[in-house]
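Q:
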Amino acid sequence: MSGLALASCGRKAETPAASAKGAMTLQDAVAGSWRTVADKARDPWRHPVESLEFWGLKPGQTVVEFWPGAGWYTDILAPYLAANDGKLIAANLEPADPAATETVEAFRRKLEANRKLYGPVEITAFGATSGPVAPAGTADLVLFLRNLHNWMAAGIVEKAFRDAFAALKPGGVLGVEEHRAAPGGVQDALAADGYVDQAYAVRLAQEAGFVLDKASEINANPKDTRSHPFGVWTLPPVRLTAPRGEPEDPAFDRAKYDEIGESDRMTLRFVKPS
Numbered sequence: 203m204s205g206l207a208l209a210s211c212g213r214k215a216e217t218p219a220a221s222a223k224g225a226m227t228l229q230d231a232v233a234g235s236w237r238t239v240a241d242k243a244r245d246p247w248r249h250p251v252e253s254l255e256f257w258g259l260k261p262g263q264t265v266v267e268f269w270p271g272a273g274w275y276t277d278i279l280a281p282y283l284a285a286n287d288g289k290l291i292a293a294n295l296e297p298a299d300p301a302a303t304e305t306v307e308a309f310r311r312k313l314e315a316n317r318k319l320y321g322p323v324e325i326t327a328f329g330a331t332s333g334p335v336a337p338a339g340t341a342d343l344v345l346f347l348r349n350l351h352n353w354m355a356a357g358i359v360e361k362a363f364r365d366a367f368a369a370l371k372p373g374g375v376l377g378v379e380e381h382r383a384a385p386g387g388v389q390d391a392l393a394a395d396g397y398v399d400q401a402y403a404v405r406l407a408q409e410a411g412f413v414l415d416k417a418s419e420i421n422a423n424p425k426d427t428r429s430h431p432f433g434v435w436t437l438p439p440v441r442l443t444a445p446r447g448e449p450e451d452p453a454f455d456r457a458k459y460d461e462i463g464e465s466d467r468m469t470l471r472f473v474k475p476s
């Protein structure tokens, strides 16, 4: 989740763009005119078509997206699923404080403003005291998209894997994208710099009952040294110039961090045993 604020500038209220065959393809959804210019600019780093194909997104599926944030992936998933007889469940923030409540309500308003495009997205909650994110054993695909570090910081990462496992059908898939720490280090339990060791992520999934099916280098970035003054948030798209919560430093030189681009990321596919 890249941030709590919802970016609406440049997003049009439009209907799905049908492919030549009459149904929306994943490529159609990624190219959709409703997506902002800023969101599309990140496609070379996040590789949405390749990532979703790797995780096995298909028409007619029930998909659970944990903590959709501003809806970067929702803008792809919801129109695609709505046009292809599927269903999206957004397991959003648990409304435990005013900021979280406003994030969820802004997300809800965005979807309701163009229901024809997004379809009937169901909004549930995930957090420390939340119940099931979806009815047990009903989801085909669950997605954890750059949120493991957030859940580690909040002490709820094990619960995230357990809740995903409960939601999935036997044989269902958990897809993970996460900032990847350098191998061989000691994992900070709170992931204070935003990076997570891949072996640690795999172990968390296995402890919840998942089996690692395969890993991909789709979202790898070998230029990422992971040595940044303000953690992964020094890099685009956040581009911090000072510690979080402090004013920006106009003298900070961002050039070398912008040259790196977005973070090196693991892309993992786990399966719930049949």
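Numbering (the numbering used here), first residue to last: 203 to 476. Note that CB positions come from ideal geometry on N, CA and C, so glycine has one too.
Name the residue from I291, V266, G329 and G273 whose alpha carbon lies nearest to the alpha carbon of P297.
A: The shortest C-alpha separation from P297 is found at G329.
Q: Below 8 Å, how does it come out for the segment 270-279 and the segment 290-306: are there three or more Cβ pairs, yes or no?
A: The segment 270-279 is in contact with the segment 290-306.
Q: Are there 16 or more other CB atoms within 10 angstroms of the CB of L370, so buried, or fewer, so exposed?
A: By the neighbour-count rule (16 or more Cβ atoms within 10 Å), L370 is buried.
Q: Could you check which residue in A394, A231 and D415 has the C-alpha nearest to that of R428?
A: Of the candidates A394, A231 and D415, the one whose C-alpha sits nearest the C-alpha of R428 is A394.
Q: Nearest-angstrom Cα distance between L392 and N421?
A: Cα to Cα, the separation comes out at about 23 Å.
Q: Kindly indicate which residue of K458, E461 and T436 has the alpha-carbon position closest to the one of E450.
A: Comparing Cα-Cα distances from E450 to each of K458, E461 and T436, the minimum goes to T436.
Q: Quick check: the Cα distance between T469 and D460, rounded to an integer number of angstroms?
A: Each residue's Cα considered, the two are about 22 Å apart.
Q: Mind checking which residues open and close the beta strand (DSSP E) that includes L290?
A: That run of the beta strand (DSSP E) goes K289 to L295.
Q: On the DSSP letters alone, give me the boundaries of the alpha helix (DSSP H) that L392 sits inside.
A: Looking at the DSSP string, L392 is not in any alpha helix (DSSP H), and its letter there is neither H nor E.
Q: Using a Cβ-Cβ cut-off of 7 Å (strictly less than) and excluding sequence neighbours within five positions of P438, which residues of its own chain qualify?
A: Taken in chain order, the residues that qualify are D460, G463 and E464.
Q: Assuming the contact rule is C-beta atoms closer than 8 Å, P281 and L319 should be a hit. Round their C-beta distance to whole Å, please.
A: Indeed they touch by this definition, with Cβ atoms about 5 Å apart.
Q: Using beta-carbon positions only, say whether W257 and V375 come within less than 7 Å of one another.
A: Against a cut-off of 7 Å, the Cβ pair of V375 and W257 comes out as a contact.
Q: Could you name the residues of the same chain whose beta carbon sits closer than 6 Å to that of I358, not counting the 5 residues immediately before and after it, in chain order?
A: Around I358: A330.
Q: Looking only at C-alpha atoms, which of V306, R317 and L414 sits nearest to A327?
A: Among V306, R317 and L414, the Cα nearest to that of A327 belongs to V306.
Q: Using the Cα positions of S210 and W269, report the straight-line distance between them to the nearest angstrom.
A: Confidence at S210 is low in this model, with a pLDDT of 36, below 50, so the placement of that residue should be treated as unreliable; the coordinate-derived value is given next. One C-alpha to the other measures close to 18 Å.
Q: Check W415 in the structure and name its three-state DSSP category.
A: Here residue 415 turns out to be Asp, not Trp, going by the sequence shown. Correct three-state label for D415: strand.
Q: Return the chain-ordered list of same chain residues with a C-beta closer than 6 Å to the C-beta of F363, the five sequence neighbours on each side being excluded.
A: The residues are L406, A407 and A410.
Q: Looking only at its chain, what residues have a beta carbon closer than 6 Å to the beta carbon of R382, apart from the 5 residues adjacent to it on each side?
A: Cβ neighbours of R382 beyond the five flanking positions: Q400, D466, R467 and M468.
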